[in-house]
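Number of protein chains: 2
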Amino acid sequence: MKITINEVAKLAGVSKATVSRVMNNTKPVNPEKHERVLRAIEELEFTPNPVARGLVHKRTGLIGVVIPDITNPFFAELVKGVEEVVREKNYNMILCNTTHNMEKELSYLNMLKDKYVDGIIFMTAKVSPEHKEFFRKSQLPVTFINRKCDDIHVASLDIDNYQAAFDMTTFFLKRGHRRVAIIRAPLTDKTSGYERYRGYQEAMRSYDIEPEESLVMRSNFKIESAYKAVKKFLKEQQPVTAIFATSDLMAIGAIRCLRDHHVQVPKQVEVAGFDDIPMASYYSPSITTIRQPIFEMGRKATRLLIKEVNREIIKTRNVTLPYQLILRESTLKTPVTGE
Amino acid sequence: MKITINEVAKLAGVSKATVSRVMNNTKPVNPEKHERVLRAIEELEFTPNPVARGLVHKRTGLIGVVIPDITNPFFAELVKGVEEVVREKNYNMILCNTTHNMEKELSYLNMLKDKYVDGIIFMTAKVSPEHKEFFRKSQLPVTFINRKCDDIHVASLDIDNYQAAFDMTTFFLKRGHRRVAIIRAPLTDKTSGYERYRGYQEAMRSYDIEPEESLVMRSNFKIESAYKAVKKFLKEQQPVTAIFATSDLMAIGAIRCLRDHHVQVPKQVEVAGFDDIPMASYYSPSITTIRQPIFEMGRKATRLLIKEVNREIIKTRNVTLPYQLILRESTLKTPVTGE
DNA sequence: TAATTATAGGAAATCGGTTTCCCGTTGTCA
DNA sequence: TGACAACGGGAAACCGATTTCCTATAATTA
């Protein structure tokens with residue numbers, strides 16, 4: 067049987083109100099009784115029931131974390147960052163894996179609300195009207211990672227995906243590439259994937275190249291999907307000299323596919339990724355990419371959210387972090403000569 | 067303000083007991099009132115407060131999942147499996163990342179107990195006396211993944227790590243290798259790492275080769291650690307013709323290091339891993355490895371745990387799943403001739 | 001028809017804490 | 001020394017459900 071505050075009160079010879087006061091320092095208590103209570107607590111190894119506590123305080127100490135796919139190293143790293151801060155602030159994290167499925171997302175959100183989590187960290191591709199409706203109604207503190215959302219009141223954290231993709235594409239163009247293909251994820255409104263695609267397009271246009279459809283490969287976020295996309299592309303399309311994969315995982319799928327088809331990377335085709343997951347530097351060839359401060363994003367987002375939960379004043383609720391272009395083996399060191 | 071059962075009762079013109087009965091089908095209710103209650107619930111969009119519910123039932127609907135490192139694809143995959151079943155059974159998962167740190171582990175366990183989770187899935191290297199003490203005392207249903215533990219009453223799920231490592235090593239030996247090195251994680255009692263090391267040793271001995279210390283590289287579970295271990299090894303030790311890395315991540319670190327030092331894999335040195343994480347087939351070279359049914363382990367473990375939570379009868383509380391040797395590019399197809 | 005049993009449903013207790021309310025005691029100040 | 005404020009601490013209300021207990025009514029049986 068579990069020890070309750072009543073046992074403690076009885077043993078210490080005080081009321082349970084007093085025990086509560088001692089534990090929470092909520093009102094001064096006679097030092098002698100104070101001592102007795104502490105001893106009773108120790109003696110009985112009493113730990114207060116957080117459920118009962120939560121019922122009064124309307125706080126659960128739980129943070130919901132909604133991500134598309136924990137097996138994607140990007141999200142794993144993010145979750146690790148979240149976890150660190152959650153733990154440090156004495157919260158716990160409920161992990162929700164939506165497998166990129168919008169219905170699961172919504173059902174998870176409702177579940178989290180019903181479970182009375184104190185706040186939600188939300189990462190997803192699409193933010194549908196239903197989502198917005200939910201966020202508006204639920205009144206829960208929410209932080210988005212990796213995307214903005216102006217029309218609802220939520221905090222957000224990301225990098226300038228547009229500019230980063232612009233830079234990456236420009237890096238290819240500057241070195242002589244003209245047929246630069248892109249592997250992109252399904253597009254919806256203001257996702258990071260969309261922003262990256264836009265950055266690519268604009269960079270191409272800035273070099274007077276129309277970013278034609280035939281340069282676009284569609285993939286979801288998984289390695290095998292990118293592999294298949296490239297395979298299909300190799301069969302059907304004109305050759306390209308560079309491929310900008312909008313995530314490292316997709317870059318890996320691409321490189322693997324090219325090699326399987328005896329196309330040398332980077333000699334014949336250069337490839338770049340996005341994110342800088344740990345594997346990017348250990349893959350062979352190591353992958354040129356855009357480094358996002360993933361871990362830090364997770365930490366910052368969580369701090370932001372917890373502030374929001376505690377109704378602290380927040381200076382900036384929409385943060386944009388710096389990124390960095392990292393050159394590795396999947397692109398050549400020397401410029402491309404001719405085409 | 068959040069709707070409570072009282073509002074519903076008032077609107078429906080019944081007592082809250084009746085509302086509760088309608089919701090839980092716990093006692094027959096007059097069809098007319100039944101209808102009124104349902105309408106009131108809908109009208110007010112009432113969802114019962116799980117915290118209050120939990121207080122009565124002494125159930126939180128939470129499962130704690132304790133893992134060393136979510137950024138390790140093995141654990142990510144496992145967690146994904148856990149998540150799927152947890153969700154399906156209407157539980158939620160609290161994720162605890164211990165970064166291989168035993169103090170964090172213990173503090174998490176206590177936190178989980180204090181939070182009144184209904185059960186714990188536990189993955190870790192070392193199970194110290196403190197751990198056992200905790201499990202014995204807490205009375206919480208616990209399932210171990212990837213290791214056994216005979217002396218305390220917990221469920222467990224794993225593969226035959228010893229035999230798998232034996233097979234992998236034998237695969238090398240059979241094909242002519244004699245200097246087979248191993249990269250192993252820190253050893254403690256009955257961990258999977260220990261079992262794998264034992265399997266390697268016995269396989270070597272079965273070929274009359276003493277598994278000498280000079281063939282052992284020490285690493286933790288991370289890529290970079292294996293990279294460094296191999297680097298050190300290359301400087302100091304006699305050459306080897308095969309390396310058995312006891313995890314895929316370590317195999318990747320090893321391969322990358324060998325290549326950086328102009329040692330060709332598999333031509334000069336063959337490398338094998340363990341686990342068969344998704345990256346194992348997409349790395350180049352793709353990695354020969356032992357396939358564990360990781361996802362399935364996560365699912366099975368969770369089912370087992372939830373049965374335990376509900377005090378259902380369990381036939382086997384210690385399950386050993388099948389594994390499979392997968393041959394890929396990091397080992398040659400043809401046997402090694404001579405040494 | 002009377003006696004007995006089954007049933008529906010409300011009041012109240014309960015889960016285990018926190019917090020309010022109130023009262024007796026002590027301390028301060030005029 | 002008397003009046004009033006400050007303080008410590010217990011009883012009870014409360015958080016929001018579930019569940020027990022009990023009563024009034026309907027149904028069944030003799």
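Going down the list, the protein sequences come from chains A and B. Reading the first sequence from the start, the letters are residues 67 to 405 in my numbering. Reading the second sequence from the start, the letters are residues 67 to 405 in my numbering. Every residue, glycine too, gets a C-beta built ideally from N, C-alpha and C.
Residue i, buried or exposed, once every other Cβ within 10 Å from all chains shown has been counted against 16
| i | result |
| --- | --- |
| A/E149 | buried |
| B/I107 | buried |
| B/A191 | buried |
| B/D342 | buried |
| B/S272 | exposed |
| B/I360 | buried |
| B/N176 | exposed |
| A/I380 | exposed |
| A/G79 | exposed |
| B/R153 | buried |
| A/E405 | Residue confidence for A/E405 is low, a pLDDT of 38 falling below 50, so the modelled location carries little weight; the figure read from the coordinates is stated next. Per the 10 Å Cβ criterion, exposed. |
| A/D224 | buried |
| A/A346 | buried |
| B/T403 | Reliability fails at B/T403, whose pLDDT of 49 lies under 50, so the model's placement of it is uncertain and the value that follows must be treated cautiously. By the 10 Å Cβ count, B/T403 comes out exposed. |
| A/G364 | buried |
| B/H327 | exposed |
| A/G242 | exposed |
| B/A83 | exposed |
| B/V151 | buried |
| B/N227 | buried |
| A/Q330 | exposed |
Within chain A, partners of residue i - CB distance below 7 Å
| i | result |
| --- | --- |
| B/D180 | T113, P116 |
| B/G185 | The premise fails here: B/G185 is roughly 15 Å from chain A at the closest Cβ pair, so nothing lies under 7 Å. |
Contact check, residue i vs residue j, beta carbons under 7 Å
| i | j | result |
| --- | --- | --- |
| A/Y349 | A/C323 | no |
| B/P344 | B/S396 | no |
| A/L315 | A/I356 | no |
| B/M159 | B/V131 | yes |
| A/V208 | A/I186 | yes |
| B/A142 | A/A142 | yes |
| B/F237 | B/A308 | no |
| B/I136 | A/K146 | yes |
| A/T87 | A/K93 | One detail in the question is off: residue 87 of chain A reads as Arg in this sequence, not Thr. Yes, these two residues count as a Cβ contact at 7 Å. |
| B/P332 | B/L398 | yes |
| A/L172 | A/E196 | yes |
| A/K124 | B/P116 | no |
| A/V337 | A/I318 | no |
| A/Y174 | A/I129 | no |
| A/L121 | B/A118 | yes |
Residue i: contacting residues in chain A (beta-carbon distance under 9 Å)
| i | result |
| --- | --- |
| B/K146 | D135, I136, T137, N163, T165 |
| B/N72 | Result: empty, since nearest Cβ-Cβ is about 15 Å, beyond 9 Å. |
Amino acids of chain B, ordered along the chain, whose beta-carbon sits closer than 7 Å to that of residue i
| i | result |
| --- | --- |
| A/S350 | R322, R325, S350 |
| A/A142 | I136, T137, A142 |
Neighbour list for residue i in chain A, Cβ cutoff strictly below 8 Å
| i | result |
| --- | --- |
| B/G120 | V117 |
| B/T126 | V117 |
| B/I392 | Result: empty, since nearest Cβ-Cβ is about 16 Å, beyond 8 Å. |
Residue i: CB within 6 Å of a non-hydrogen atom of the ligand FMN
| i | result |
| --- | --- |
| B/K240 | With respect to the ligand FMN, the structure shown offers nothing to examine, as it has no ligands at all. |
Proximal residues of chain B, C-beta to C-beta of residue i below 8 Å
| i | result |
| --- | --- |
| A/E149 | I136, L161, C162, N163 |
Neighbouring residues, chain B, relative to residue i (Cβ below 9 Å)
| i | result |
| --- | --- |
| A/N286 | Within chain B, no residue comes near A/N286; the closest Cβ sits about 14 Å away, beyond 9 Å. |
| A/G319 | Y348 |
### Query
How about the stretch 215 to 235 of chain A and the stretch 256 to 264 of chain A: do they share at least three Cβ pairs that are nearer than 8 Å?
yes
### Residues, ordered as in the chain, of the stretch 89 to 109 of chain A that lie near chain B by beta-carbon distance below 8 Å
none
### Message
So, does the stretch 242 to 257 of chain B touch the stretch 281 to 289 of chain B, judging by three or more C-beta pairs under 8 Å?
### Response
yes
### Task
With 7 Å as the limit, tell me which residues of the stretch 334 to 347 of chain B have their beta carbon closer than that to any beta carbon of chain A; keep them in chain order.
Within the stretch 334 to 347 of chain B, the qualifying residues are P344, M345.
#### Entry: Three or more C-beta pairs below 8 Å linking the stretch 94 to 113 of chain B and the stretch 158 to 165 of chain A
With the cut-off at 8 Å, the stretch 94 to 113 of chain B and the stretch 158 to 165 of chain A do not touch.
### Query
Quick check: the stretch 206 to 213 of chain A against the stretch 181 to 190 of chain A, are there 3 or more CB pairs under 8 Å?
yes
### Query
Per the contact definition of three or more C-beta pairs closer than 8 Å, is the stretch 363 to 370 of chain B in contact with the stretch 385 to 393 of chain B?
Under the 8 Å Cβ criterion, the stretch 385 to 393 of chain B counts as touching the stretch 363 to 370 of chain B, having at least three qualifying pairs.
### Message
To be precise: take each residue of the stretch 224 to 255 of chain A, compare its Cβ to all Cβ atoms of chain B, and keep it if any distance is under 8 Å. Which residues remain?
### Response
none
### Message
Taking beta-carbon pairs under 8 Å, can you tell me which members of the stretch 198 to 225 of chain A lie near chain B?
### Response
none
### Message
Counting only Cβ-Cβ distances shorter than 7 Å, please list the residues of the stretch 257 to 290 of chain B near chain A, keeping chain order.
### Response
I289
### Query
Given a limit of 9 Å on CB to CB distance, which residues of the stretch 376 to 387 of chain A reach chain B?
none
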